[in-house]
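Colleague: In the working numbering, the protein residues as written are 2 to 160.
Built from N, CA and C at the ideal position, the CB exists for glycine as well.
1. Can the beta-carbon of residue 75 be found closer than 8 Å to that of residue 139?
2. Taking DSSP as the reference, what is the three-state secondary structure of residue 61?
3. Alpha helix (DSSP H) containing residue 114: first to last residue?
4. Is residue 103 near the ligand PLP, in the sense that its beta carbon is under 7 Å from a heavy atom of that ligand?
5. I need the straight-line Cα distance from residue 159 to residue 142, nearest angstrom please.
6. How big is the Cα-Cα spacing for residue 2 and residue 14?
7. With a CB to CB cut of under 7 Å and the five nearest residues on each side skipped, what residues in its chain are close to residue 11?
8. What three-state label does DSSP hand residue 98 in the structure shown?
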């Protein structure tokens, strides 16, 4: 059976996460030039929710209290700077997300905090469980941010 050593798995997962995060930052910065609608706000959390299938694998499962804690930390702490930095503006009858100078720095800061937390937590639980917890944390962050965006968008767009 094929076996990957733990340090290689740790560094590979960290590198992969950094690559995905940096890609997401650049994609997010690029999409700021396009108008938004309700569908574009709601689809990311729906797409991300398919990641919960990882918990079918027993090695990824974590205690319910840990999962709830990770979700709540994402919901209340990590989403807050994103919510505060996301504003809409009307241009030629279309709604755009207002460019924020701080948005890039917020995303980088959240990435750094996540990396530091990851380095700390992975010493106490397995790598798959760490991945599961950080997925739940990220989902809580994204879900709260996008729900707030949606409600702000609904207030901004005349019915």
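Modeller: In short:
1. Residue numbering aside, residue 75 sits at position 74 when the chain shown is read from its first letter. Residue numbering aside, residue 139 sits at position 138 when the chain shown is read from its first letter. Pairing residue 75 with residue 139 gives a Cβ-Cβ distance under 8 Å.
2. As a first step, residue 61 must be located in the chain shown, where it is residue number 60. Reduced to three states, the DSSP call for residue 61 is helix.
3. Here the question's residue 114 lines up with position 113 in the chain shown. Residue 114: member of the alpha helix (DSSP H) spanning 102-122, first to last residue.
4. Ligands are entirely absent from the displayed structure, and the ligand PLP is therefore not among its contents.
5. Translated into the one-based positions of the chain shown, residue 159 becomes position 158. Translated into the one-based positions of the chain shown, residue 142 becomes position 141. Distance between the alpha carbons of residue 159 and residue 142 is about 27 Å.
6. Stepping through the chain shown from its first residue, residue 2 is reached at position 1. Stepping through the chain shown from its first residue, residue 14 is reached at position 13. Model confidence at residue 2 stands at a pLDDT of 48, short of 50, so the residue's coordinates are unreliable and nothing is read from them.
7. Taking the first residue of the chain shown as position 1, residue 11 is located at position 10. So the list reads 123 and 128, once near-sequence residues are dropped.
8. Looking up residue 98 in the chain shown gives position 97. In the three-state reduction of the DSSP assignment, residue 98 falls in the strand class.
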